[in-house]
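Colleague: Chain order of the listed sequences is A and B. Its first residue numbered 1, the first sequence is counted upward by one per residue in the working numbering. Its first residue numbered 1, the second sequence is counted upward by one per residue in the working numbering. Backbone N, C-alpha and C fix where the C-beta goes; we use that ideal spot for every residue, glycine too. Provided herewith is a single structure, encoded as structure tokens, for subsequent inquiry.
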Amino acid sequence: MENQAVEKDNEVILDNRDEKLGEGVGFERIRRITGYLVGTMDKWNDAKRAEERDRVKHSLAENA
Amino acid sequence: MDLLQQKAGPTFSGAEINKKGLIPVIRSVIKRDGRRVLYDQTKIASAILRAMEAVREGNAEDAARVADSVEAKLEAIFPAKSPDIETIQDTVEHQLMQYGFNDTAKAYILYRANRTHTRDANTALMKTINEITQEDAIDSDLKRDNANIDGNTAMGSMLQIGSAGAKAYNEMYLLRPEHAKAFREGDIYIHDFDFYHMTTTCTQIDILSLFHNGFSTGHGYLREPQSIASYAALAAIAIQSNQNDQHGGQSIPNFDYAMAEGVGKTYRKNFLRILTDVIEDKKDEDELQDAVEKILNDVERIQGELAKLQNSPDFDYRLAAALSDGMGIAREDMAHMLKRVRARALKRTDKDTYQAMEGFVHNLNTMHSRAGAQTPFSSINYGTDTTPEGRMAMRNVLLALDAGLGHGETCIFPIHIFKVKEGVNYNPEDPNYDLFRLSCKVSAKRLFPNFVFLDSPYNLQYYVPGRPETEVATMGCRTRVMGNVYDPSRQIAYSRGNLSFTSINLPRIALESHHDEAAFYKRLDELLELVAQQLLDRFEIQAQKHVYNFPFLMGQGVWLDSDKLHITDTVREVLKHGTLSIGFIGLAETLTALYGHHHGEMPEMEEKGLEIIRHMREFCDKKSQAIKMNFTLLATPAEGLSGKFIAQDQKRFGKIPGITDREYYTNSFHIPVWYPISAYDKIRLEAPYHALCNAGHISYVELDGDTARNVEAFEQVVRWMHDCEIGYGSINHPVDRDPVCGYVGVIGDVCPRCGRREGHRVPQRRIEELKKLYPDIVAFRGIE
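This is how it looks when you write it as structure tokens:
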């Protein structure tokens, strides 16, 4: 196991290269709520969450 | 006294026992909350006396006698037990009537009823506060009503508790009973009701005027800024300051024109500094800045222009000549040096501008306002300034938006709005076409900018080339303020905004009408009148405020004509530049309830939908002309409202397929989000409503991630919006990010870059390898 300090962007990171990262870290999902965005969907109210869940994609296939 | 003796009253056994010095039978009373307290007969007597005094009937002695009789009754009912408050009060009512104190009995009953109402309201309020205090936001929909407020924080909770208290007070004391009823029962929704008696919604802040005069944010005075860094910093402060005076969005309508000045000032500084350095090096001398500046000033005076990104063709020729003479440098050398100076000043200024724009965007995502509970709800409009300085500001704010925050996160504020205009940026030969393309590219990655279309006829009618205040700008999610019946000479975007808005539950009216079109319109007219009156009532409250109630908005002259007011003046007249807006939700469900289909399903419904919305707009126009105030029709944003009306309607009508069977009503005039339709058709069908909803509107389409990444396709959709005469539009696509490897894009169950599942682990070795492959992971900077 190699342990080395890597300096990058004035930041010293302990580089433990066999260690695993990301335990419990979720993906961030940003969506437009009305006309603005919200950093995480955790903050959406129940109705808007339901609406987001129901949204279907609009195809560009046919031009009316 | 006589009165009492005439009545065959009961014996006063309890009192007699007392008088004999015996222990009374009743020793304690059970309060409403279950607590047991010592019995005190004088409390009963004084309550009776108060009721007697209110109706001028009886005296203290009468009150004492009735109280005695109450006690006796209670002893009979509760031998050796504690009576509860409700029973005591029932007995008081009964005994008052027994003794013929009928008016007193009525007063006592009324008093009890009022106390009960207040207690119920207080209980509801306390329950609400309890939820805010005890529940985690994840379990409490109430705490997530506005996604912008973090209900888990101290300041967020304090704001929510204040909001709950204000709502309870406003409903009890400020609304007419018919308005309170309509609001409570879900016929209408009064937005930002907690702020009912406090302030107005939003403003387009003309930061150029603000900067030119300098301004104050409370303590100390800020002079006109002198560099792009200060322009950007003060723009953020202006937004933050105004946000403390209003509950709605804060917007800058002229971000490009304003930042252009800052870029110009920074360029001139950089130009002078680099020019001085180069000449000092050449001459191997120090302290030449004053001499160089004097020569530059002279040339600028003769030319009638400051040194800027692009001066007139002979500017540099003259400057080189003057410097050559003044500094004793060969003409040819000086001309060559000047070219180098130009190139370096340009590069330096571009870098400074990027840093300023990056700082601005970071500021607006982190600075707090409104009791520290929220980041300001900010928007910036730009796109039409064709000067090199304005273009440099826009290019860099787009690049900063593209780069994202410190770890590449997508910025959620400010909302960027790109103003699309033929002849300026829409066609390939237009001077800002490159910026329009860049906007599409950035929006395809970061969801912003949104696009406002100045060529749509209802926007174009106000447009005067060279006068940016006549360009429609939007605010927050969609608010638009342009027309002005109060002052038709001021049909501009700057320094104005919405005063308040109230939405109508359209699907409810449709359901109540049972497919009867005439009944629908009759009820709609009733509610339009009711809402107009309620908006005017609210205006009366707002109008009585003084300039000192809005220290920034009015005190610093942000709002139109407020600069003409004294600090102690009321704001009534200047507020009339603002709009009173009537909103709506659920046109799709309304059409389904009335006719069986919504406007995405069949062509006949397109006209039926427009009829309803046109009817509402005509009402607003007529009202505006009659009162000379700006009544406008709003396609309500409805974040908190999306689930409120339908929950009430489900209780009343049950779950009706296609109408009340979901958790939300469809936003404004939108085609339902769940209805399959092509992007082109959706835009085409929604566009005519933009013309009608003059208080604000937005349409968006959902593209899958890969389509959105195709900038050509993305631009085609924006162009289709323009050609369909959409007013304000944007394109939605999933923007996901894996904080571990930094990937931004569409992420399903598995991150396409590092291959981890949500919440799972990935070896650091893999992340290090990826960092080599994608060096932009953390310190991501711009699009090549």
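Per DSSP, which residues does B/M475 bridge with? Please list them.
Modeller: According to DSSP, which records beta bridges pairwise, B/M475 is partnered with B/T479.
Colleague: So with CB distances below 7 Å, who are the chain A contacts of B/A679?
Modeller: The answer, in chain order, is H58, S59, L60.
Colleague: Pull the bridge partners of B/R36 from the DSSP assignment, please.
Modeller: Note: B/R36 sits in a beta bridge opposite B/I30.
Colleague: Is B/N505 helix, strand or coil when you go by DSSP?
Modeller: Here B/N505 sits in strand by DSSP.
Colleague: Considering only residues of the same chain and omitting the five flanking positions on each side of B/E471, which have a CB-CB separation below 7 Å?
Modeller: Result list for B/E471: T384, K419, L454, Y463, A493, in chain order.
Colleague: Can B/G578 and B/R496 be called in contact, C-beta distance under 8 Å?
Modeller: Yes, the Cβ-Cβ distance between B/G578 and B/R496 is below 8 Å.
Colleague: Which residues does DSSP list as the beta-bridge partners of A/E28?
Modeller: Paired residues: B/R737.
Colleague: Taking 8 Å as the CB-CB limit, is B/C202 close to chain A?
Modeller: Chain A contact via Cβ: absent.
Colleague: At a cut of 8 Å, does the segment 351–364 of chain B reach the segment 214–229 of chain B through at least three beta carbon pairs?
Modeller: Cβ pair count under 8 Å is three or more, so yes.
Colleague: Can a CB atom of chain A be found closer than 8 Å to the CB of B/L773?
Modeller: It does not: the Cβ of B/L773 has no partner Cβ on chain A nearer than 8 Å.
Colleague: In terms of residue numbering, what span does the alpha helix (DSSP H) encompassing B/V292 cover?
Modeller: Looking at the DSSP string, the run of the alpha helix (DSSP H) that includes B/V292 is 289–303.
Colleague: Considering B/Y99, what are the terminal residues of the alpha helix (DSSP H) in which it resides?
Modeller: Here B/Y99 belongs to no alpha helix (DSSP H), and DSSP marks it neither H nor E.
Colleague: Out of B/Y743, B/G755, B/P763, point me to the one whose CA is closest to B/Y774's CA.
Modeller: Selected option, being the one with the closest Cα: B/Y743.
Colleague: Shortest alpha-carbon distance to B/T660 belongs to which of B/L703, B/K623, B/L511, B/Q556?
Modeller: Nearest option by C-alpha distance: B/L511.
Colleague: To test your reading of the DSSP string, which unbroken beta strand (DSSP E) runs of 3 or more residues are found completely within the segment 140–207 of chain B?
Modeller: DSSP runs (the beta strand (DSSP E)) wholly in the segment 140–207 of chain B: 188–190.
Colleague: Given that B/T707 touches chain A, what residues does it touch there, using C-beta distances under 9 Å?
Modeller: Ordered by position in chain A, the residues that pass the 9 Å Cβ test against B/T707 are K57, S59, L60.
Colleague: Check the DSSP bridge columns for B/E702 and list the partner residues they point to.
Modeller: Bridge partners of B/E702: B/N732.
Colleague: Can you say whether B/P457 is buried or exposed, counting buried as having 16 or more other CB atoms within 10 angstroms of its CB?
Modeller: Exposed.
Colleague: Buried or exposed: where does B/P507 fall if 16 or more other Cβ atoms within 10 Å of its Cβ makes it buried?
Modeller: Counting Cβ neighbours within 10 Å, B/P507 comes out buried, since at least 16 surround it.
Colleague: If I'm right that B/A588 touches B/H670 with Cβ under 8 Å, what's the distance once you round it to whole angstroms?
Modeller: At roughly 7 Å, the Cβ-Cβ gap stays under 8 Å, so B/A588 and B/H670 are in contact.
Colleague: Take B/L633 as the anchor and find which of B/I731, B/A691, B/L275, B/D723 has the nearest alpha-carbon.
Modeller: Answer by Cα proximity: B/A691.
Colleague: I'd like to know whether the C-beta of B/L447 is nearer than 8 Å to at least one C-beta of chain A.
Modeller: Cβ-Cβ to chain A under 8 Å: yes for B/L447.
Colleague: Taking 8 Å as the threshold (C-beta atoms), are B/G162 and B/C202 in contact?
Modeller: No. Outside cutoff.
Colleague: What would DSSP say about B/V361, mapped onto helix, strand or coil?
Modeller: Of the three classes helix, strand and coil, the one that applies to B/V361 here is helix, per DSSP.
Colleague: Counting only beta-carbon atoms, is B/V673 nearer than 8 Å to chain A?
Modeller: Cβ-Cβ to chain A under 8 Å: yes for B/V673.
Colleague: Look at B/F448 and B/H416 and say whether their C-beta atoms are less than 8 Å apart.
Modeller: Yes, the pair counts as a contact, with Cβ atoms nearer than the cut-off.
Colleague: Mind reading off the beta-carbon distance from B/S668 to B/A635? Whole number of angstroms is fine, and I expect it under 8 Å.
Modeller: Correct: roughly 3 Å between the Cβ atoms.
Colleague: Compare the C-alpha of B/D68 against each of B/D40, B/I85, B/S369, B/E663 and name the closest.
Modeller: For the residues B/D40, B/I85, B/S369, B/E663, the minimum Cα distance to B/D68 belongs to B/D40.
Colleague: B/A392 to B/V424, Cα distance in whole Å?
Modeller: Here residue 392 of chain B turns out to be Met, not Ala, going by the sequence shown. Each residue's alpha carbon lies about 15 Å from the other.
Colleague: With H, G and I counted as helix, E and B as strand and the rest as coil, what does DSSP make of B/A233?
Modeller: B/A233 falls in the helix class under three-state DSSP.
Colleague: Just the C-alpha distance for B/L49 and B/A60, rounded to the nearest angstrom, thanks.
Modeller: When rounded, the distance between both Cα atoms is 6 Å.
Colleague: Hey, how far is the Cα of A/N45 from the Cα of A/G39?
Modeller: Spanning the two alpha carbons is a distance of roughly 14 Å.
Colleague: List the endpoints of the continuous alpha helix (DSSP H) containing B/Y458.
Modeller: Per DSSP, B/Y458 belongs to the alpha helix (DSSP H) from 457–460.
Colleague: Which residues share a DSSP beta bridge with B/T632?
Modeller: Looking at the DSSP assignment, B/T632 forms a beta bridge with B/S581.
Colleague: Measure the alpha-carbon distance for B/D145 versus B/F584 and round it to whole angstroms.
Modeller: Cα to Cα, the separation comes out at about 19 Å.
Colleague: Whether or not the segment 703–716 of chain B and the segment 757–770 of chain B are in contact is what I'm after, with contact meaning three or more pairs of Cβ atoms, one per stretch, closer than 8 Å; do they touch?
Modeller: No contact exists between the segment 757–770 of chain B and the segment 703–716 of chain B.
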